[in-house]
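As they're listed, the protein sequences go chains D and A.
For reference, each letter of the first sequence is one residue, going 1 to 751 in the UniProt record's numbering.
For reference, each letter of the second sequence is one residue, going 1 to 254 in the UniProt record's numbering.
Where a beta carbon is used, it is the ideal one built from N, C-alpha and C, also for glycine.
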Amino acid sequence: MAADSTNASSSSNGNPLALAEQLEQLNAARKVVLQDSTYYDRIVKGVLPIIGPRALLPLRRWGAEFLAESLATPVLTMRDKENITVAVLDTLRGLLDGVGEDTIVLKASVAAAASAYPVALRWIINNSYHTESWEQMSSIKSRILQIWDGAPAPVRLSCIKFAQRVVLAQTASNGMEQKTNGLDISLNMIPANHPLLDPRKLEAEATGLLDRMLGVLQDNSSDALLVDATLNCLSILIRTRPNTSNRILNAVLNFNPLKLANSPMTPKTRVLVKSLEKTTRMLLTHLLRRDPNNPMAGRIHQYIERMMRSRAEIFDEASRKRALVDQAVGDAKRQKMEGAPQFMVPPLGPGPHSLAGVFTLTSNPGLQAFDATQLPANLAAKISVKTLMTLDQQIFDLAVAGIRDRLTSIYAAGAAAAVAAQPAVNNAATAPLGVDEDDDDYEPDLTPAEDTEQILNKLDNAPPEEPTELAADAAALALGPFRLPAPPTLDPDAAAKLSQAAASRVFGPLSVLKESGASRKPKAGINRLAASSYDRDSWLTLITRLATRSTAGLDDLSSIKMEDGALDNHPPRMSLGDTIRELLYTYILEDWRRRIEIAVAWLCEEWYNDQLTKRSSGGGYNDAAALHYERWALRLFDGFLSYITAQDKVLTRFLAEIPELSRPLLGRLKVLCEDPTTVQLALTTLLYLVMMRPPVREIALDTVAEIWTEFEDARPLAAKYLVKWRPGFIESQTRAHGSDAAPGNSMAIAT
Amino acid sequence: METANGSAAPAQNGQQGDETGFKLKFCTVCASNQNRSMEGHLRLAQANYPVISFGTGSLVRLPGPTVTQPNVYKFNQTSYDSIYRELEAKDPQLYRANGLLNMLGRNRVIKWGPERWQDWQIGMPRVKHEKDQGSAGMESGVPDIVITCEERCWDAVIDDLLNRGAPLNRPVHVINIDIKDNHKDASIGGGAIVDLADSLNKAAMEEREKVGPAAFDAGGAASRASFDERVPEILAEWQERWPDLPSTWTLSWF
Numbered sequence: 001m002a003a004d005s006t007n008a009s010s011s012s013n014g015n016p017l018a019l020a021e022q023l024e025q026l027n028a029a030r031k032v033v034l035q036d037s038t039y040y041d042r043i044v045k046g047v048l049p050i051i052g053p054r055a056l057l058p059l060r061r062w063g064a065e066f067l068a069e070s071l072a073t074p075v076l077t078m079r080d081k082e083n084i085t086v087a088v089l090d091t092l093r094g095l096l097d098g099v100g101e102d103t104i105v106l107k108a109s110v111a112a113a114a115s116a117y118p119v120a121l122r123w124i125i126n127n128s129y130h131t132e133s134w135e136q137m138s139s140i141k142s143r144i145l146q147i148w149d150g151a152p153a154p155v156r157l158s159c160i161k162f163a164q165r166v167v168l169a170q171t172a173s174n175g176m177e178q179k180t181n182g183l184d185i186s187l188n189m190i191p192a193n194h195p196l197l198d199p200r201k202l203e204a205e206a207t208g209l210l211d212r213m214l215g216v217l218q219d220n221s222s223d224a225l226l227v228d229a230t231l232n233c234l235s236i237l238i239r240t241r242p243n244t245s246n247r248i249l250n251a252v253l254n255f256n257p258l259k260l261a262n263s264p265m266t267p268k269t270r271v272l273v274k275s276l277e278k279t280t281r282m283l284l285t286h287l288l289r290r291d292p293n294n295p296m297a298g299r300i301h302q303y304i305e306r307m308m309r310s311r312a313e314i315f316d317e318a319s320r321k322r323a324l325v326d327q328a329v330g331d332a333k334r335q336k337m338e339g340a341p342q343f344m345v346p347p348l349g350p351g352p353h354s355l356a357g358v359f360t361l362t363s364n365p366g367l368q369a370f371d372a373t374q375l376p377a378n379l380a381a382k383i384s385v386k387t388l389m390t391l392d393q394q395i396f397d398l399a400v401a402g403i404r405d406r407l408t409s410i411y412a413a414g415a416a417a418a419v420a421a422q423p424a425v426n427n428a429a430t431a432p433l434g435v436d437e438d439d440d441d442y443e444p445d446l447t448p449a450e451d452t453e454q455i456l457n458k459l460d461n462a463p464p465e466e467p468t469e470l471a472a473d474a475a476a477l478a479l480g481p482f483r484l485p486a487p488p489t490l491d492p493d494a495a496a497k498l499s500q501a502a503a504s505r506v507f508g509p510l511s512v513l514k515e516s517g518a519s520r521k522p523k524a525g526i527n528r529l530a531a532s533s534y535d536r537d538s539w540l541t542l543i544t545r546l547a548t549r550s551t552a553g554l555d556d557l558s559s560i561k562m563e564d565g566a567l568d569n570h571p572p573r574m575s576l577g578d579t580i581r582e583l584l585y586t587y588i589l590e591d592w593r594r595r596i597e598i599a600v601a602w603l604c605e606e607w608y609n610d611q612l613t614k615r616s617s618g619g620g621y622n623d624a625a626a627l628h629y630e631r632w633a634l635r636l637f638d639g640f641l642s643y644i645t646a647q648d649k650v651l652t653r654f655l656a657e658i659p660e661l662s663r664p665l666l667g668r669l670k671v672l673c674e675d676p677t678t679v680q681l682a683l684t685t686l687l688y689l690v691m692m693r694p695p696v697r698e699i700a701l702d703t704v705a706e707i708w709t710e711f712e713d714a715r716p717l718a719a720k721y722l723v724k725w726r727p728g729f730i731e732s733q734t735r736a737h738g739s740d741a742a743p744g745n746s747m748a749i750a751t
Numbered sequence: 001m002e003t004a005n006g007s008a009a010p011a012q013n014g015q016q017g018d019e020t021g022f023k024l025k026f027c028t029v030c031a032s033n034q035n036r037s038m039e040g041h042l043r044l045a046q047a048n049y050p051v052i053s054f055g056t057g058s059l060v061r062l063p064g065p066t067v068t069q070p071n072v073y074k075f076n077q078t079s080y081d082s083i084y085r086e087l088e089a090k091d092p093q094l095y096r097a098n099g100l101l102n103m104l105g106r107n108r109v110i111k112w113g114p115e116r117w118q119d120w121q122i123g124m125p126r127v128k129h130e131k132d133q134g135s136a137g138m139e140s141g142v143p144d145i146v147i148t149c150e151e152r153c154w155d156a157v158i159d160d161l162l163n164r165g166a167p168l169n170r171p172v173h174v175i176n177i178d179i180k181d182n183h184k185d186a187s188i189g190g191g192a193i194v195d196l197a198d199s200l201n202k203a204a205m206e207e208r209e210k211v212g213p214a215a216f217d218a219g220g221a222a223s224r225a226s227f228d229e230r231v232p233e234i235l236a237e238w239q240e241r242w243p244d245l246p247s248t249w250t251l252s253w254f
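Shown next, in the form of structure tokens:
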């Protein structure tokens, strides 16, 4: 086989032709194992002599990569892998020990060692007598850990992964990992009294290695390649090796992936920063998703949010929201009314006020209730300073004046009526004014209540500028009553347009509302209350009734007027009801197969409404314009008729469930008979009606009869139904036709 | 042409003519493994790169008659051919007009059907896929580079790799290129993917050509850098050429 042929050519020397041939054979051997994994054992052992440390570079590269691939393959069982692993350790050690070995060989060899390590460990756990394998594995390990730091980047990548596998194998597992590829091999498997392996030493070694791995994070390295490689192999440790998780998470959360962003932003740094940030964030969101109850979840959340903000600052400068300046112009929603004051301090009503109340500028009850004393003093100070720094002078002045007015009114009230139990208004001068929140630290209940006398004294001692010029200020700042500009006059066209827009908004919630789950909707039968739950069905019930009932009886006024009026130039405007109907019609047709139920419900409402209209107008009413059922039933039916395929049993259901059927409606079914694939659907639908809806039996049978006469292709099936339900019809037809046909034919010949 | 030299040799030569030297192995990923990833798959295969492709969605979703009526299929169980025939039977005009039939017609000659990333057993030999385009060189079933066509898919791939726990100990560069999901942008994106693949492969070949520590020490800083280290740099240069296709990169593990 291939293995034998590779053996045969192992003796070749540096001849390039022989080398190419040899690689070709090796590749053929590889194909064989990929096709049939039972050859792995033979072929891996077979190639070992050819790829050893003394082989030519291309062979060593091929060999190291083949070993890495074979030891990692998921097709082999653990037992098979043990066999191969033990066999290759010597060669692997040889490849790794080579001084100045090629990067590609080293990278692949270390990767192979990473796959070999847990397998070898498991083998030793169960075969402690086999000291030689463990010695080989241990020396491979120490060699890898020795070259790790100075190695070229690709080799370091593999070293990181090797260390990760060692940590994984030498720490206690919580059993949450997948049991594949030796991921489940852990400290739990090593008995305390194992002759070769000391669990405590192994765990200590793992802790040390983990620290070494996390070194790149702790150094806040900007080497994206190594950091990404580290971050991307930590997840399984955090999730399945509880002893490591705190240490790792702390390292990750203290890592700043955006450090590089401080240096000049070249295209390359941009790639690196984005990569570091995104990789860190992916790991953390991944952990949050797998383990939302992690005790560190709060910190992780904070970290992610902080990072998203910094990231937005770094990358999205251009795409950020428009500055306030741009927004102020031309934004209809935010347009300020001409002449409206931007800010005003509402005067205090009568009655006692708390100190906080006097200085509260906001009218938002939520903000008013906020207890500013909860804020730590330094934070409050920071907020105050920040706010004062950025505050518009005009607003500040307005606020100061407003508070002044309040104080004056309190003063006046106090002086006049000597109202008792006013809370203290001490420190009025030092309290931050004009801040948009009550961040004073002097809650009234914290200070002893003072009597009116004291308050008045305090107010007397207030800064001199306050009592003076009060009247003038108040007059200047008195705000005249604000009047909204009168609305533009509404002409009927605009009104129609607006009502159309309003109607279309009625359909807005449909896309958001939940489909009422079939499970939680018990059939209430006749006791059902329409629109009793806030789901899509209820909303649709509302819409159908809005369309059918809301304007019923109102529309016809206009029609009477129109008859009286000489000439109406305007095209007939749609009533609100019709607008909603039109929209409802479009909504149903958008997905008519699933919305057929809505169609039926709607038509039921229309029919009911028509009946009421007829009754209210005293029986003889027959104005077609006021009746909607027939018109909309036909439109709906026409609407989806052209989409119907042979599988659409909903057609039968639709016709069976709508409240009234007419000849024109059933006549539309004939369209289906033009297409041979839907003939059967049309006819079975009619048959169903014949059988299940006796009131329309005659119309339905008439339609079948018409189909029979008009459509040659539909005849066999139509005839079958007619024979059963209208015996004698076909005979009479054929006879009549026969007698008709003869003169017709002779005519044709004659012309 | 000398075909008399036995059977094996000419076939080998013919193959070598197609694929000169070392080739990186690629994997393209989009949501449904229909449009963007398949365009990438085709273009990479045409450029003689070994390539496989996947979708990260829960189901294969294709546009239907309305927005709310997509045509939905299961991954790994539905062939492009059967989807083609079903849509053709449903409404040939519609699906020809919106390009679906054209796309499916292309896809069904590339491989059997849409495959789901999350169901992919990484490292399972793909020897039964000889008829797939781009299968040559992909027998081991492990690509070197994964290219996703949407941020969401990149996230799904990274999350899935974190979840799998990196059992194969094999590094993989995962690169996202944001391509809009329509035929025109997919085609532009396909060209961009091949451009990136060529740049990456050139660097990988240069790394392979360097032999031993002597060569390593001889070159300057740029040539001394390994392929893995050069990936972000190559991506940055590529990004300059394709500013409208934002990209993301990380090094992950299979």
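Can you look up residue i in the DSSP assignment and give me helix, strand or coil?
i               : result
C30 of chain A  : strand
Y40 of chain D  : helix
T645 of chain D : coil
V142 of chain A : coil
I147 of chain A : strand
K161 of chain D : helix
K23 of chain A  : coil
Q170 of chain D : coil
For residue i, collect the residues of the same chain with a Cβ closer than 6 Å to its Cβ; drop the 5 residues on either side in sequence, then sort them by chain order.
i               : result
S245 of chain D : I238
N201 of chain A : L24
R581 of chain D : A547
P295 of chain D : none
W134 of chain D : I124 and L196
Looking only at its own chain, which residues have a Cβ that is under 8 Å from the Cβ of residue i, when we skip the five neighbours before and after it?
i               : result
N98 of chain A  : P63
D211 of chain D : R247
D648 of chain D : R593 and L681
W253 of chain A : L161, A166, L168, N169, R170, P171 and V172
What does residue i pair with, by DSSP beta-bridge criteria?
i               : result
G55 of chain A  : A:C30 and A:R116
S247 of chain A : A:I177
L62 of chain A  : A:N71
W253 of chain A : A:P171
Does the beta-carbon of residue i have 16 or more other beta-carbons within 10 angstroms, so that it is buried, or is it exposed?
i               : result
T131 of chain D : exposed
L484 of chain D : exposed
Y643 of chain D : exposed
S226 of chain A : buried
K489 of chain D : The question names Lys, yet the displayed sequence has Thr at residue 489 of chain D. Exposed, since its Cβ has fewer than 16 Cβ neighbours within 10 Å.
R505 of chain D : exposed
E209 of chain A : exposed
H301 of chain D : exposed
D219 of chain D : exposed
N126 of chain D : exposed
ask   = Going along the chain, which residues of the region 207 to 229 of chain D sit with their C-beta nearer than 7 Å to a C-beta in chain A?
value = Along the region 207 to 229 of chain D, the positions whose C-beta sits under 7 Å from a C-beta of chain A are A224, L225, D228 and A229, read in chain order.
Where the region 100 to 132 of chain A meets chain D: residues whose CB sits under 7 Å from a CB there = Q121, G123, M124, P125 and V127
request  = Check distances from the C-beta atoms of the region 574 to 592 of chain D to those of chain A and list, in chain order, the residues that come in under 8 Å.
outcome  = E590 and D591
message = Please identify, using Cβ separations under 8 Å, the residues of the region 248 to 279 of chain D that lie next to chain A, in order along the chain.
response = T266, P267, K268, R270, V271, L272, K274, S275, K278 and T279
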